Amino acid sequence: MKRYSAVVFDWDGTLMDSTHSIASSIQGACRDLSFPVPSDSEARWVIGLSLDIALYRLVPDLTAEQYPLFLESYKEHFHKQDTQLRFFEGVPELVSGLRQKKVMLGVATGKSRAGLDRMLQAQQWHHHFDITRCADESFGKPHPGMLLDIMQSLDLQPEQVLMVGDTSHDVLMARNAGIDSLAVSYGAHDKSTLLDSQPTVMVDTVDAMRGWLDGHVVELN
10 MKRYSAVVFD WDGTLMDSTH SIASSIQGAC RDLSFPVPSD SEARWVIGLS LDIALYRLVP
70 DLTAEQYPLF LESYKEHFHK QDTQLRFFEG VPELVSGLRQ KKVMLGVATG KSRAGLDRML
130 QAQQWHHHFD ITRCADESFG KPHPGMLLDI MQSLDLQPEQ VLMVGDTSHD VLMARNAGID
190 SLAVSYGAHD KSTLLDSQPT VMVDTVDAMR GWLDGHVVEL N
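Going by our numbering, the sequence shown runs without a break in its numbering and finishes at 230.
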């Protein structure tokens, strides 16, 4: 049985129950700037991509001059909700359990560095992770850059690392980096979309993820 020394998590929709807040903030910014409002499924599909790529995919008519206005509107909508964001039930126990086993933990997210740091500070979670990487300091998903940076920094080989995420973007990033992936179906992308991206394994709940990881990580304590 293959066992992993390191687990890298996506943030939104995987650890943090924030998918609805992101989608509604994108929709709100579209309304503010009089752009066509994407459906919930369209807005959810781009979650995980870096924000600039996500916005240009959803709003192809967005000009360079309008981009900062759209970004400001998006942030205003999101920040009204971010103090209410919580981890999915069972996530704190999952992460604490992996830390107790001395598993190396990382985050690879499409969030900005400022956005992730704000979340980590609000939850007092900096100490849980050995390393974090954001799209605005590397490359956005599905480019493997964030995972390659993490592996190089922690001196890890691809076979030692597992990527966990809720979107096909996470699965494709993992494949592009040569590592295995665990997809969770409770986040932004539905099961059909996730299965089409061919993750190594897929689970439907945090409890199921915890059970699978318990049997597939190297325990060093």
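Glycine included, each C-beta is placed from N, C-alpha and C at the ideal position.
The structure presented is a predicted model; accordingly, all values stated were derived computationally and were not measured.
DSSP state of residue i mapped onto helix, strand, coil
i	result
Met-211	strand
Asp-179	helix
Arg-12	coil
Val-227	coil
Phe-44	coil
Asp-21	strand
Phe-148	coil
Ala-96	Per the sequence presented here, residue 96 reads as Phe, with Ala not at that position. Strand.
Ser-206	coil
Pro-101	helix
Gln-109	helix
Ala-63	helix
Ala-73	coil
Residue i versus the options, residue with shortest Cα-Cα distance
i	options	result
Thr-28	Leu-42, Leu-94 and Arg-66	Leu-94
Glu-51	Met-218, Asp-199, Glu-228 and Gly-115	Asp-199
Thr-118	Asp-49, Ala-63, Gln-161 and Gly-149	Gly-149
Ala-186	Tyr-76, Thr-23 and Glu-168	Glu-168
Leu-129	Ser-14, Trp-20, Asp-70 and Gln-90	Trp-20
Arg-96	Thr-23, Arg-184, Met-182 and Gly-220	A small fix is needed here, since residue 96 is Phe in this sequence, not Arg. Out of Thr-23, Arg-184, Met-182 and Gly-220, Thr-23 has the C-alpha closest to the C-alpha of Phe-96.
Ala-123	His-136, Met-113 and Thr-141	Thr-141
Arg-127	Met-160, Gln-109, Thr-92 and Asp-139	Thr-92
Phe-44	Arg-66, Gly-57, Ser-30 and Ser-59	Arg-66
Asp-179	Tyr-195, Gln-166 and Pro-153	Pro-153
Asp-61	Ala-38, Asp-223 and Asp-145	Asp-145
His-137	Met-10, Trp-221, Val-104 and Glu-98	Val-104
Arg-53	Leu-114, Cys-143, Asp-70 and Thr-202	Thr-202
Beta-carbon proximity check, residue i vs residue j, cutoff 8 Å
i	j	result
Asp-205	Val-193	no
Met-155	Ser-162	no
Val-100	Val-16	no
Met-172	Ser-190	yes
Val-215	Ile-188	no
Gln-75	Leu-42	yes
Ile-159	Tyr-83	no
Gly-57	Ala-197	yes
Residue span of the beta strand (DSSP E) that contains residue i, given as start and end
i	result
Val-173	170-174
Residue i - containing alpha helix (DSSP H), residue span
i	result
Val-17	Here Val-17 belongs to no alpha helix (DSSP H); instead the beta strand (DSSP E) covers 15-18.
Thr-31	Sequence inspection shows Ile at residue 31; the Thr mentioned does not correspond to that position. 28-41 is the span of the alpha helix (DSSP H), which, as asked, contains Ile-31.
Ala-197	Where Ala-197 is concerned, there is no enclosing alpha helix (DSSP H), given that its DSSP letter is neither H nor E.
Asp-126	122-132
Lys-84	76-88
Leu-163	154-163
Strand pairing of residue i, partner residues [DSSP]
i	result
Ser-190	Met-172
Ile-140	Gly-115
Ile-56	Leu-58
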